[in-house]
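S.K.:
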Amino acid sequence: MWVIASTVVAAFMATMMIFIRMRAAKKPASIKKIILPPIFMSTGALMFLFEPFQVQGTQVLEAMSVGILFSIFLIKTSKFEVREQDIYLKPSKAFVFILIGLLILRIVLKLIIGQTVSIGETSGMFFLLAFGMIVSWRIAMLFKYVRLEKEVKRSKSTQDIAAQK
Numbered sequence: 001m002w003v004i005a006s007t008v009v010a011a012f013m014a015t016m017m018i019f020i021r022m023r024a025a026k027k028p029a030s031i032k033k034i035i036l037p038p039i040f041m042s043t044g045a046l047m048f049l050f051e052p053f054q055v056q057g058t059q060v061l062e063a064m065s066v067g068i069l070f071s072i073f074l075i076k077t078s079k080f081e082v083r084e085q086d087i088y089l090k091p092s093k094a095f096v097f098i099l100i101g102l103l104i105l106r107i108v109l110k111l112i113i114g115q116t117v118s119i120g121e122t123s124g125m126f127f128l129l130a131f132g133m134i135v136s137w138r139i140a141m142l143f144k145y146v147r148l149e150k151e152v153k154r155s156k157s158t159q160d161i162a163a164q165k
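The sequence shown: position 57 = 57 (full-length UniProt numbering), numbered continuously.
(1) Taking the C-alpha atoms as reference points, what is the distance between Arg131 and Arg154?
(2) Looking only at C-alpha atoms, which of Lys156, Lys144, Ile161, Ile134 sits nearest to Leu69?
(3) Measuring alpha carbon to alpha carbon, tell me which of Thr158, Leu89, Ala163, Thr122 ends up nearest Thr7.
(4) Do you know how far the Cα of Ala11 is from the Cα of Leu89?
(5) Is it the case that the Cβ atoms of Gly124 and Met47 are separated by a distance below 8 angstroms?
(6) Taking only the alpha-carbon atoms, compute the straight-line gap between Glu62 and Phe126 and give it to the nearest angstrom.
(7) Between which two residues does the alpha helix (DSSP H) harbouring Glu81 extend?
(8) Going straight from the alpha carbon of Gln54 to that of Thr116, what length do you get?
(9) With which residues is Asp86 paired in a DSSP beta bridge?
(10) Please report the distance separating the alpha-carbon of Pro52 from that of Gly44.
(11) Are the CB atoms of Leu128 and Gly57 within a distance shorter than 8 angstroms?
(12) By alpha-carbon positions, which one of Arg83, Ile31, Gly114 ends up nearest to Ile139?
(13) Taking only the alpha-carbon atoms, compute the straight-line gap between Lys27 and Gln85 and give it to the nearest angstrom.
(14) Would Ile75 and Glu149 qualify as a contact pair, given that the criterion is a beta-carbon distance under 8 angstroms?
(15) Where residue 206 and Ile35 are concerned, what is the direct C-alpha to C-alpha distance, given to the nearest angstrom?
(16) Suppose the cutoff is 6 angstroms on Cβ atoms and the five residues either side in sequence are ignored; what does the same chain contact list for Ser71 look like?
(17) At the level of alpha carbons, what is the spacing between Phe156 and Ala29?
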């Protein structure tokens with residue numbers, strides 16, 4: 001029962017993520033828009049205050065490592081583009097397939113791990129996996145954004161100097 005419910009919730013969240021990402025591509029990116037999602041997600045760590053969700057140190061390392069590994073796909077497909085001096089997240093067709101692939105992999109891992117680990121621990125581990133994935137992805141996005149923002153500012157100041165002459 002819990003496996004089905006959590007799978008439905010995960011599928012719903014993945015679908016919402018696809019729509020949010022499509023909408024976000026229509027507006028300029030900003031440091032705030034890159035940083036806020038992991039901060040909002042971090043409140044989910046409050047689950048670890050309750051014993052059923054607490055995990056061992058090795059499980060934390062395993063879950064975070066897998067999350068960071070999964071983030072590589074998101075990092076590789078997240079690219080920015082400059083339009084009229086604004087920076088936009090470039091929509092990637094691969095993003096949808098990567099998200100669906102990660103969802104299927106998550107379901108398979110949950111079925112395998114769920115046989116030996118309690119549902120609370122499994123929930124905690126998958127939260128850590130997702131958090132590790134989101135944080136590392138967003139950090140990479142932040143570095144890409146800041147680098148491109150510096151280039152745009154340099155280009156603009158060069159254009160301003162040329163226009164003054």
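Every residue, glycine too, gets a C-beta built ideally from N, C-alpha and C.
M.R.: To lay it out plainly:
(1) As a working note, residue 131 is residue 131 in the sequence shown. As a working note, residue 154 is residue 154 in the sequence shown. It is worth fixing the name first, because residue 131 is Phe in this sequence and not Arg. Whole-angstrom Cα-Cα distance: 34 angstroms.
(2) By 1-based counting over the sequence shown, the position of residue 69 is 69. Checked all of Lys156, Lys144, Ile161, Ile134; the closest Cα to Leu69 is Ile134.
(3) The count along the sequence shown starts at 1 and reaches residue 7 at position 7. Closest by alpha carbon: Thr122.
(4) To locate residue 89, count along the sequence shown from 1; it is residue 89. To locate residue 11, count along the sequence shown from 1; it is residue 11. Answer to the nearest angstrom: the Cα atoms are 23 angstroms apart.
(5) If you number the sequence shown from 1, residue 124 lands on position 124. If you number the sequence shown from 1, residue 47 lands on position 47. Yes, they are a contact pair.
(6) For this step, residue 62 is matched to residue 62 along the sequence shown. For this step, residue 126 is matched to residue 126 along the sequence shown. C-alpha separation (whole angstroms): 10 angstroms.
(7) Stepping through the sequence shown from its first residue, residue 81 is reached at position 81. Careful: Glu81 lies outside any alpha helix (DSSP H), inside the beta strand (DSSP E) at 79 to 83.
(8) Numbered from its first residue, the sequence shown carries residue 54 at position 54. Numbered from its first residue, the sequence shown carries residue 116 at position 116. Cα to Cα, Gln54 sits roughly 15 angstroms from Thr116.
(9) Residue 86 sits at position 86 when you count from the first residue of the sequence shown. DSSP lists Arg83 as partners of Asp86.
(10) Position 52 of the sequence shown, counted from the first residue, corresponds to residue 52. Position 44 of the sequence shown, counted from the first residue, corresponds to residue 44. Whole-angstrom Cα-Cα distance: 14 angstroms.
(11) Residue 57 sits at position 57 when you count from the first residue of the sequence shown. Residue 128 sits at position 128 when you count from the first residue of the sequence shown. No, they are not a contact pair.
(12) Mapped onto the sequence shown, residue 139 falls at position 139. With distances taken between Cα atoms, Ile139 lies closest to Ile31.
(13) On the sequence shown, position 27 is the one that residue 27 refers to. On the sequence shown, position 85 is the one that residue 85 refers to. Lys27 and Gln85: Cα-Cα distance of roughly 13 angstroms.
(14) Taking the first residue of the sequence shown as position 1, residue 75 is located at position 75. Taking the first residue of the sequence shown as position 1, residue 149 is located at position 149. Contact: no.
(15) The requested residue 206 is not part of the displayed model; the chain covers only 1 to 165.
(16) Indexing the sequence shown from 1 puts residue 71 at position 71. The answer, listed in chain order, is Met133, Ser136, Trp137.
(17) As a working note, residue 156 is residue 156 in the sequence shown. As a working note, residue 29 is residue 29 in the sequence shown. According to the sequence as given, residue 156 is Lys; it is not Phe. C-alpha separation (whole angstroms): 18 angstroms.
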